[in-house]
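*Asks:* One structure, as structure tokens, below. Some questions next.
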Amino acid sequence: MRDILHCDMNNFFASVECKLHPELKGYPVAVCGSVEERHGIVLAKNELAKACGVKTAETIASAKSKCRGLITVPPHFEEYLKYSRLARSIYERYTDLVEPFGMDECWLDISGTRRLFGAPEKVADEIRCTVKEELGLTISVGVSFNKVFAKLGSDMKKPDAVTVIPKESFREKIWGLPLSDMIGAGRATTAKLANYGIYTLGELAACDSKWIQKILGKNGYLLWRYANGNDDSQVQRTDFSMPAKSVGHGVTTTSDICRNETAKAILLELSQDIGRRLASQEKFACKVSVTARMSDLTHISWQTDLPTATRSPMIIADTAYRLFSGSYEWTRPVRALTVTAFALVDNGFSCQTDLFNDTHTLDKMEKADDCIMQIRRRFGDSMIKNALLLSPVPIPETKSVVSLPGSIPR
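First residue of the sequence shown: 395, per the numbering used here; consecutive thereafter.
Below you can see the structure in the form of structure tokens.
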């Protein structure tokens with residue numbers, strides 16, 4: 395039997411801010427994005443803010459209406475990354491099988507270490523105390539025989555706690571919990587199962603597996619297995635990474651996009667980052683998609699084949715722009731754009747292309763992009779720019795990275 399831990403750093407961003415600024419102790423605190431860059435939502439909150447009803451992802455105005463004394467602070471991601479690494483270094487004192495799940499969560503496989511460190515619940519409590527003593531932060535630790543139940547355990551008791559879900563009694567421990575508590579059971583899934591009178595993990599576990607698969611597909615069968623304690627997914631090492639299935643970049647603009655010309659410049663800026671990352675991975679993309687989020691927060695996506703398997707930013711941007719400008723009718727301003735290159739193939743391979751494409755022009759664009767990348771690698775990104783990007787573009791300093799790994803059962 396395996397011994398799996400899941401360590402979850404409580405209210406991570408807000409806890410780091412309170413540690414760095416002791417004067418915040420005793421006050422409700424929320425870490426919030428920039429209002430000027432239109433990321434004005436709550437990213438994290440401490441326990442006092444949580445007690446007032448403040449929720450992650452709600453607007454700052456909404457949070458302050460619930461909690462009048464709420465103190466808002468900007469995020470400091472370098473500090474969060476620092477403390478994330480420090481916590482991971484503590485976990486690695488017990489095992490090299492440490493798998494990050496975001497910046498603030500990790501799975502640990504400590505199977506076979508009982509003689510060395512003692513029972514897994516003892517190890518969990520020792521890690522909890524060490525993080526608190528050395529980093530001044532609290533964590534919740536779930537202990538179980540698989541990854542799904544270990545994560546479920548870390549969510550059951552917060553903050554600063556250890557929860558054990560034993561193999562011999564997991565049914566009594568977790569089958570009464572709502573479906574939404576288990577990883578992989580999102581809102582759409584739980585709503586669909588609620589139509590059939592299935593609300594708890596126990597009710598899901600009691601269902602016929604073939605019926606569940608018919609209703610929810612492969613994901614439904616996977617959730618049914620999880621509810622019955624059948625999760626054999628492995629804890630992957632820190633240095634392990636699944637090959638990317640896609641590479642994308644997205645941005646919420648500092649002001650609404652109202653013209654094709656502005657959208658074209660933003661798509662080019664995003665595509666340059668995508669091309670650079672494809673080159674570093676020695677991958678070529680065969681398809682591209684564009685997602686636009688409008689000012690009313692609805693969104694729409696389009697996708698198409700690239701004219702050739704490529705990592706050229708200009709080809710990706712040109713295809714993305716043709717796709718967007720030919721599809722969007724400007725009934726509403728656009729608030730955010732995301733470009734994603736997918737259907738990746740290895741260096742030296744190619745996907746099927748249109749025989750009627752102007753291969754000479756495509757080849758020239760790729761060679762020009764290669765030269766630009768070499769100049770930027772040697773002298774810096776600011777040394778050469780596309781003329782289209784010389785005019786001001788409503789992009790904040792930071793852009794969100796989107797990279798979809800190969801699927802791992804979780």
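Even glycine gets a Cβ: it sits at the ideal position worked out from N, Cα and C.
Tell me the DSSP secondary structure of histidine 400 in three-state form.
*Replies:* Three-state DSSP puts histidine 400 in a strand.
*Asks:* Glutamate 452 and isoleucine 435 - do their beta-carbons sit closer together than 8 Å?
*Replies:* Closer than 8 Å, so yes.
*Asks:* Below 7 Å CB to CB, which residues in the same chain sit around glutamate 441 once its five sequence neighbours on both sides are set aside?
*Replies:* Same-chain partners within the cutoff: Asn405 and Pro553.
*Asks:* Grab me the residues of proline 572's own chain with a C-beta within less than 7 Å of its C-beta, minus the 5 sequence neighbours each way, in chain order.
*Replies:* The residues are Tyr593 and Thr594.
*Asks:* Just to confirm, is the Cβ distance from leucine 661 to valine 733 under 8 Å?
*Replies:* Yes, the pair counts as a contact, with Cβ atoms nearer than the cut-off.
*Asks:* Go to threonine 647, then tell me how far its beta strand (DSSP E) extends in each direction, as first and last residue.
*Replies:* Element bounds for threonine 647: 638-651.
*Asks:* Taking only three categories from DSSP, how would you classify phenylalanine 678?
*Replies:* Of the three classes helix, strand and coil, the one that applies to phenylalanine 678 here is strand, per DSSP.
*Asks:* Alpha carbon to alpha carbon, what distance is there between proline 514 and threonine 541?
*Replies:* Rather than threonine, the amino acid found at residue 541 in this sequence is lysine. Computed Cα separation, rounded: 14 Å.
*Asks:* Buried or exposed, going by whether 16 or more other CB atoms sit within 10 Å of the CB of proline 468?
*Replies:* Proline 468 comes out exposed.
*Asks:* According to DSSP, is lysine 413 part of a helix, a strand, or is it coil?
*Replies:* Helix.
*Asks:* Give the list of continuous beta strand (DSSP E) stretches no shorter than 3 residues that lie fully inside the region 551-599.
*Replies:* If we require 3 residues or more, the beta strand (DSSP E) runs fully inside the region 551-599 come out as 555-558.
*Asks:* Please determine if the region 700-714 and the region 674-690 are in contact, where contact requires at least 3 C-beta pairs separated by less than 8 Å.
*Replies:* The region 700-714 is in contact with the region 674-690.
*Asks:* In three-state DSSP terms, what is phenylalanine 543?
*Replies:* Correct three-state label for phenylalanine 543: helix.
*Asks:* Let me know if lysine 677 comes out buried or exposed under the rule of 16 or more other beta-carbons within 10 Å of its beta-carbon.
*Replies:* So lysine 677 counts as buried.
*Asks:* Are three or more beta carbon pairs between the region 714-728 and the region 645-657 nearer than 8 Å?
*Replies:* Segments in contact, yes.
*Asks:* Per DSSP, what kind of secondary structure is proline 494 in: helix, strand or coil?
*Replies:* In the structure shown, proline 494 sits in a strand (DSSP, three-state: E or B).
*Asks:* Which stretch, first to last residue, makes up the alpha helix (DSSP H) that contains threonine 524?
*Replies:* Looking at the DSSP string, the run of the alpha helix (DSSP H) that includes threonine 524 is 514-529.
*Asks:* Determine the closest residue to serine 563 out of Leu617, Asp667, Phe543 and Asp575, with distance taken between C-alpha atoms.
*Replies:* That would be Phe543, whose Cα lies nearest to the Cα of serine 563.
*Asks:* Could you say which of Lys658, Pro707 and Leu617 lies nearest to valine 597 if we only look at CA atoms?
*Replies:* Per the sequence shown, residue 597 should be read as glutamate rather than valine. Comparing Cα positions, the closest option is Leu617.
*Asks:* With respect to the alpha helix (DSSP H) encompassing aspartate 712, which residues constitute its N-terminal and C-terminal limits?
*Replies:* Unbroken alpha helix (DSSP H) run through aspartate 712: 707-719.
*Asks:* Report the rounded CA-to-CA distance for serine 665 versus threonine 704, giving the unit in angstroms.
*Replies:* Each residue's alpha carbon lies about 12 Å from the other.
*Asks:* Please state if the CB of alanine 657 and the CB of leucine 587 are separated by a distance shorter than 8 Å.
*Replies:* Their beta carbons are not under 8 Å apart, which means leucine 587 does not touch alanine 657 by this criterion.
*Asks:* Just the Cα atoms here: how many angstroms apart are serine 689 and threonine 646?
*Replies:* Their Cα atoms are separated by approximately 11 Å.
*Asks:* Between which two residues does the beta strand (DSSP E) carrying glutamine 697 extend?
*Replies:* Segment 693-704, the beta strand (DSSP E) holding glutamine 697.
*Asks:* With DSSP run on the structure shown, which of helix, strand or coil describes serine 505?
*Replies:* Here serine 505 sits in coil by DSSP.
*Asks:* Distance, Cα to Cα, histidine 400 vs isoleucine 668?
*Replies:* In a straight line, the C-alpha of histidine 400 is about 33 Å away from that of isoleucine 668.
*Asks:* Kindly indicate the opening and closing residues of the alpha helix (DSSP H) around alanine 451.
*Replies:* Here alanine 451 belongs to no alpha helix (DSSP H), and DSSP marks it neither H nor E.
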